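Let me begin by presenting the structure, written as structure tokens, before commenting on it.
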Amino acid sequence: MSQISLTFPDGSKRDFDKGVTPAEVAASISKSLGKKAISATLGEAHWDLQWPIEEDARIAINTMADDAPALELIRHDLAHIMARAVQEIWPDVKVTIGPVIENGWYYDFDRAEPFTPEDLGAIEKKMKEIINRRDPVTTEVWDRERAVKYYEANNEPYKVELIEAIPGNDPIRMYWHGHWQDLCRGPHLQHTGQVPGDSFKLMSVAGAYWRGDSDRQMLQRIYGVAFKNRDDLKKHLHMLEEAAKRDHRKLGREMDLFHMQEEAPGQIFWHPNGWKIYTTLQDYMRRQQTRGGYVEVNTPQVVDRKLWERSGHWEKYQENMFIVEVDEEHAREKAINALKPMNCPCHVEIFKQGLKSYRDLPLRMAEFGSCARYEPSGALHGIMRVRGFTQDDAHIFATEDQIAAETERFIGFLAGIYRDLGFPSYKIKFSDRPDTRAGSDEIWDKAEEALLTATRKVTNDIELNPGEGAFYGPKLEFVLTDAIGRDWQCGTFQVDFVLPERLDAHYIGADGNKHRPVMLHRATLGSFERFIGILIEEHAGKLPFWLAPRQVVVASITSEADDYVAYVVETLTRAGVRAEADIRNEKINYKVREHSVGKVPVILAVGHREVEERTVTVRRLGEKQTQVATLDEITAELGRDATPPDLRA
RNA sequence: GCUGCUGUAGCUCAGAGGUAGAGCACUCCCUUGGUAAGGGAGAGGUCGAGAGUUCAAUUCUCUCCAGCAGCACCA
């Protein structure tokens, strides 16, 4: 029998018979490692202890002490154990797929009746029972026809389809947990008893389309979380509870920022506090854009469908547009308009007014553009995904040669703003050419190259989404995360070769001929609505002082301090601080609690002492300790803090 | 849009085939209190909307609307 050479993490090499399994390798090293081993890492691959090794490779034996492989195995085995539990309780349920995800796993089932919360309890109980059986896990590679026949005989059509989708050369791997069988790429643990029975929990049931295709069967997906021990599970559940407290929908109510109601789904009623955040942010962005070389414009809300037909939006996004019909009572003939879902066509129309010269490029045209999109009902989410929103939008009309410099310029622009707003790091996703696209390969090469190199100057941490670009050009997405870790696209930068063509924009080049500009769509915050939602969750409502809608409450301890309270409020207001008085007939405890819940960053308490000494007692949000300051000191300090970061000396 | 769940006072929630409750918030009174809820009284609801079953529906059934979770979508 031929030999293979395995290289261990310490660099040592040993020869083994070809086809040796990691289980055998581990046992050959020591008896205890043989017992503790749960899997191997072979090169980059996570390798089941039972799989034969056919080639020279680097190998590391994993034990439960190795977090990443241990958690993957635990979660993956639990997916199978859950599927088994479901089929033991309801034999008619058909199984599909069940991958490991962050913190846990899910498994999709086809069952006529919905799973109820009580069902989850029953499944969980059955899972613990299965774990206690300590059934061995075994695996075999089958040939395709045999596997297909097996699943046809067992009435598991989804598995048949999965096998048909496995590429020709890949092994069809069958796994058994005791008698229960599943098609699975592995790896797995050695027996079900290796899964900790006290550190997992089934979380929820939800619908999910078979193979992610909304035209196909809707399955029922059960989500679970799992960890190595009970403490980690508890920590995770506690973290979820804490995250729920940061939910912008909850904080929006508690801080009296906004509300939404049935009559205007997906649209926001901004209250004075929320609108203060919005306008403060908008003022800041306006200054940044002016400094960044943008000109600001404003364009119509209701635009005839003819323009949307020319731009191509009518064909592609009609379903998602708010249509406004003007009937014969108002106009000579019936007209169909749409609320603008985006600003770009209108910006092109401005560009087209008057002849443009190459000397005008790059022309950076910005608009705080209020858009309306008829988003699918299931997509709506607080103020993060809405039907009426305002983008901090801009379109840069440029030559192809300017793409690279403008990309770099924008990334720097965005980075400075995100830093100011408390987001030093964020995800960047890059999407390149899709299969169906406009524009020549040469131009795509150039555009993709420009986006990538510009981005790499800032970071190499770029997530690639091959083929996910828009049909009109490649794009960058700048992604922030909400309280429970959901990703939200905020900033974006997209190259567009198509729209200038469709709407026939041109400029006169140095050669005296007409040329087509390239359009760079870009948004920094994305939409004010979404960004404010993220901002609230990121800071758990405790916004940076300059953005806080209510900055200071001056609270009287005794009514004899009322006049002084008014004086303090006036002094602070004149220094540019948002200050208000609280001279209600309540105890200071009560006032402190109420304004703390309302996330007011600074409470100034004044009683007899302060009136006499012309001071205030300062209590900052989240701090128990108070400090005494003179009115002059605190006015200077808070006046500084209230200044937006770009205006500070 | 799809699957499931939910919808009762401003908020958080209890309740039940016979006509509605708590805590907080709100209003008034007492209290002038030193850093996360002082005490008392009062007011407040077409039980998401519509239809059906029933002597009787907020409760049961259906349809619609909205919200939540996930999926799909996100120019």
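Residue numbers (the working numbering): 5 to 653.
Ideal Cβ placement from N, Cα and C applies to all residues, glycine included.
Bear in mind that the values here come from a model prediction, so they are computed numbers and not experimental data.
For the options ILE387, GLU128 and ARG225, the alpha carbon positioned closest to that of ARG115 is the one of ARG225. Take ARG234, set aside five residues on each side of it, and the residues of its chain with a beta-carbon closer than 7 Å to its own are ASP202 and SER203, in chain order. Under DSSP, LYS232 forms no beta bridge with any residue. For PHE372, the CB contacts under 7 Å within the same chain, skipping 5 residues up- and downstream, are GLN286, THR394 and ASP396 in chain order.
About 18 Å separates the Cβ atoms of PHE497 and ALA442, ruling out a contact at the 8 Å cut-off. Contact between the region 586-596 and the region 631-648 is absent, with fewer than three C-beta pairs closer than 8 Å. For the 8 Å CB-CB criterion, ARG391 and GLN305 do not form a contact. Burial check for GLN629: the Cβ neighbour count within 10 Å stays below 16, so the residue is exposed. Scanning GLN493, ALA454, GLY489 and ARG177 for the CA closest to the CA of SER531 turns up GLN493.
The Cβ atoms of HIS252 and GLY358 lie no closer than 8 Å to each other.
Of all alpha-carbon atoms in LYS238, ASP436 and CYS348, the one lying nearest the alpha-carbon of ARG314 is that of CYS348. For the pair ASP147 and ILE105, the CB atoms are not nearer than the 8 Å cut-off.
Per DSSP, the unbroken alpha helix (DSSP H) holding HIS317 starts and ends at 317-321. Spanning the alpha carbons of ARG554 and ALA583 requires a straight line of approximately 7 Å. For GLN286, there is no enclosing beta strand (DSSP E); the enclosing alpha helix (DSSP H) has its first and last residue at 276-295. With contacts defined as CB atoms closer than 8 Å, THR647 and LEU635 fail to qualify as a contacting pair. When ASP491, ARG368 and GLU245 are compared, the shortest CA-CA separation from GLY297 is found for ARG368.
Under DSSP, ASP397 shares a beta bridge with GLU371 and ALA527. When DSSP states are grouped into helix, strand and coil, TRP180 belongs to the strand group. Per DSSP, VAL29 has no beta-bridge partner at all.
Counting the other CB atoms within 10 Å of its CB gives THR463 a total below 16, which places it among the exposed residues. Residue pairing by DSSP places TYR378 in no beta bridge whatsoever. Secondary structure at PHE119: coil, using DSSP grouped into helix, strand and coil. Listed in chain order, the beta strand (DSSP E) runs fully inside the region 515-559 are 522-531, counting runs of at least 3 residues.
Two segments are said to touch when three or more pairs of C-beta atoms, one from each, lie closer than 8 Å; by this definition the region 421-439 touches the region 478-492. For the 8 Å CB-CB criterion, ILE65 and LEU193 do not form a contact. Excluding five sequence positions before and after ALA419, the CB atoms of its chain that fall closer than 8 Å to its own CB belong to VAL462, given in chain order.
GLY477 has ALA474 as its beta-bridge partners, per DSSP.
Counting other Cβ atoms within 10 Å of its Cβ, GLY545 reaches 16 or more and is therefore classed as buried. The three-state reading of DSSP puts TRP55 in coil, since its state is none of H, G, I, E or B.
In this structure, PHE113 places its C-beta atom within 8 Å of the C-beta atom of LEU223. Looking from the CA of ARG644, the closest CA among GLU614, LEU166 and PRO548 belongs to PRO548. Note that the C-beta distance between ILE134 and VAL90 is not below 8 Å.
The closest CA to that of THR440, considering only GLU453, PHE417 and GLY471, is found on GLY471.
Secondary structure of TRP146 (DSSP, three-state): strand.
Nearest C-alpha to HIS612 among ARG578, HIS510 and ASP566: ASP566.
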